[in-house]
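Q: Structure incoming, see below.
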Amino acid sequence: MWDNSIMTEKSRYGLAAETVHLLQDLIRIDTSNPPGNESAAANYIAGILYQNGIDPTVIEMAPHRGNVVARIKGNGAEAPVLLYSHTDVVPVEREHWNVDPFGGLLRDGYIYGRGALDMKGIGAMQLAVFLAIQQHLEDHPGSSLRRDIILAATADEETDTDQGIGPLIARHPDLLRAQYGLSEFGGYTMYASGKCFYPIQVAEKGTVWMHMHAAGRPGHASVPHEDNAVVHLTRAVNKLARAHLPMHISATARAYINGLADGLGGAQGAGIRALLGRLDESGLPFLERVIRDPGLAGELRAITHNTVTPTGLRAGQKTNVIPSRASAVLDCRTVPGYSGSAVIEELKRAMGSNGHAVSFDIDSESPAIEFTTNTPLYRLIRSTLKKHDPTGLPVPSMLTGATDAKHLAKLGTICYGFSPMRFKPGEHFSDMVHGHNERVSVDSLAWGVQALYDVVSEFCGLG
Ligand SMILES: [Zn+2]
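Quick note, in this note's numbering, the sequence shown goes up one by one and the last residue is 482.
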């Protein structure tokens, strides 16, 4: 049902308080995926939009998998900008939570709940900004926007089983077509060696899911022999886990590394910059020694290499039968410009003779995406972050995972991860996201929603 309380109380709320209120309500709608049940969230958002004089469109790609899209019209002088979020969340292990993960509890300055960070908190900020701009236009007759602002809150990002923004774009491209898109992950504080950075996500690694197979001679397990598929496979997995794949430095990785080096300065900065000249160096120990931050070192290694992680093993039916085939499940992540087959070639080279004993099958593949930073929107994001946190150092960054940006890239949309939040030292986004007791501080949301409002209203020429 549509909630009337937000409108009647709206005059008492500022942008930040409204964001808090929206986030609490969104957390209370359980959209754990699977099964998702995002229609409940889509209808809630649609109700709020409707009550604020905006006509939303709700489209279900499958029963209960609702998506909501709305638009504030500009004068058409420039192409639209899209604020997009996903309403589904990853499931919880309730026994590890100290609070109700779907209670929307506000305690000691933090809002607790699944999705507080990924990404109902950001969706709430986007909705609050969208409503505030609509309110401004209503309050100031004669004011206008240079471009349309589109708001989309869509289903099924976390499992990406083709019931969210992917098919929505395929079937209704004009609903979402925009020059720029803003969403997760970026624009939040990242501390490194006492310095405060703001990574702005401009690239994402690609995803290649595959199987690696080993074959052997079947037989009765009572008579061991050398040509055992299980043994071949485990040797290959062991080799693969130790494989040093070559380093590839994309434009984004180069800009990120240079930005970190400039910000850190001194020996650390020089050490990080030295990475760029060491194309044959792929050892994590080197990075950890230089950076003294295992999390950052691991991330730097990931954005400069194709990676492969074994995540499953399949072999054998019966204890007394030597199987003729054994398989490993591999999660590969590719840097811009590299396909799944290119990664397989790298793996085979790195595995040496073990590489000849196995074969690879690609199950699914989605390429890396990388957007230019040479845009007025990127420059505005940078300058706005600097204005809101003069100590902060904005840097372009690459996500090691993937988001819905890969779908929007097919429409030619330039997508930036800009979901501004200001964390305290010791708070790491990556530690809290998808974790137990997921939470976001009211201060962080308040800071972020103002930064987002400033970027969107200025970029759209709200006058
Ligand atoms: Zn997310």
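Note that beta-carbon positions come from the ideal geometry of N, C-alpha and C, so glycine has one too.
Kindly indicate which residue of Leu45, Trp228, Pro415 has the alpha-carbon position closest to the one of Pro218.
A: Taking only the C-alpha atoms, the option nearest Pro218 is Pro415.
Q: Decide if the segment 66-76 is in contact with the segment 142-154; the criterion is three or more beta carbon pairs, one per stretch, under 8 Å apart.
A: With the cut-off at 8 Å, the segment 66-76 and the segment 142-154 touch.
Q: Since Ala345 and Gly331 are thought to touch, with beta carbons under 8 Å apart, how far apart are those beta carbons, to the nearest angstrom?
A: Ala345 to Gly331, Cβ: 12 Å. No contact.
Q: Do Asp137 and ligand 1 come close, with the Cβ less than 6 Å from some heavy atom?
A: Asp137 Cβ: within cutoff of ligand 1.
Q: Please determine, among Phe448, Lys443, Lys425, Phe437, the residue with the shortest C-alpha to C-alpha distance to Val225.
A: Before going further, note that residue 225 is Gly rather than Val in the sequence given. For the residues Phe448, Lys443, Lys425, Phe437, the minimum Cα distance to Gly225 belongs to Lys425.
Q: If we count Cβ pairs, one from each stretch, closer than 8 Å, do we get three or more for the segment 318-327 versus the segment 201-213?
A: With the cut-off at 8 Å, the segment 318-327 and the segment 201-213 do not touch.
Q: I need the DSSP call for Phe216, collapsed to helix, strand or coil.
A: DSSP places Phe216 in strand when its eight states are reduced to three.
Q: Under a Cβ-count criterion, where at least 16 other Cβ atoms within 10 Å of its own Cβ denotes burial, should Lys139 be classed as buried or exposed?
A: Counting Cβ neighbours within 10 Å, Lys139 comes out buried, since at least 16 surround it.
Q: Any heavy atom of ligand 1 inside 6 Å of the beta-carbon of Glu245?
A: Not under cutoff, so the answer is no.
Q: Can you check whether the CB of Arg84 is closer than 7 Å to the CB of Glu57?
A: In this structure, Arg84 lies closer than 7 Å to Glu57 by Cβ.
Q: For Tyr103 versus Ala36, is the C-beta distance shorter than 7 Å?
A: Not in contact: Tyr103 and Ala36 (Cβ atoms no closer than 7 Å).
Q: What does the Cβ neighbour count give for Gly445, buried or exposed, with the cut at 16 atoms within 10 Å?
A: With fewer than 16 other Cβ atoms within 10 Å, it is exposed.
Q: For Gly134, does the count of other Cβ atoms within 10 angstroms reach 16, so buried, or fall short, so exposed?
A: The residue in question, Gly134, is buried, as its Cβ has 16 or more Cβ neighbours within 10 Å.
Q: Rank Thr419, Arg401, Thr422, Ala421 by C-alpha distance to the C-alpha of Leu412 and give the top, closest one.
A: Of the candidates Thr419, Arg401, Thr422, Ala421, the one whose C-alpha sits nearest the C-alpha of Leu412 is Arg401.
Q: Within 8 Å, do at least three Cβ pairs link the segment 224-238 to the segment 379-386?
A: At 8 Å Cβ cutoff, the stretches touch.
Q: Taking all protein chains shown into account, do 16 or more other C-beta atoms lie within 10 angstroms of the C-beta of His239, making it buried, or fewer, making it exposed?
A: Flag for His239 reads exposed.
Q: In chain order, what residues of the same chain have a beta carbon less than 6 Å from the beta carbon of Gly44, not counting five sequence neighbours either side?
A: Strictly speaking, residue 44 in this sequence is Asp, with Gly absent from that position. Same-chain partners within the cutoff: there are none.
Q: Return the residue from the list Lys429, Arg236, Gly317 that minimises the CA-CA distance to Leu187.
A: Per the Cα distances, Lys429.
Q: Go ahead and label Asn52 buried or exposed: buried means 16 or more other beta carbons lie within 10 angstroms of its beta carbon, across all protein chains shown.
A: Classification of Asn52: buried, given that the 10 Å Cβ count is 16 or more.
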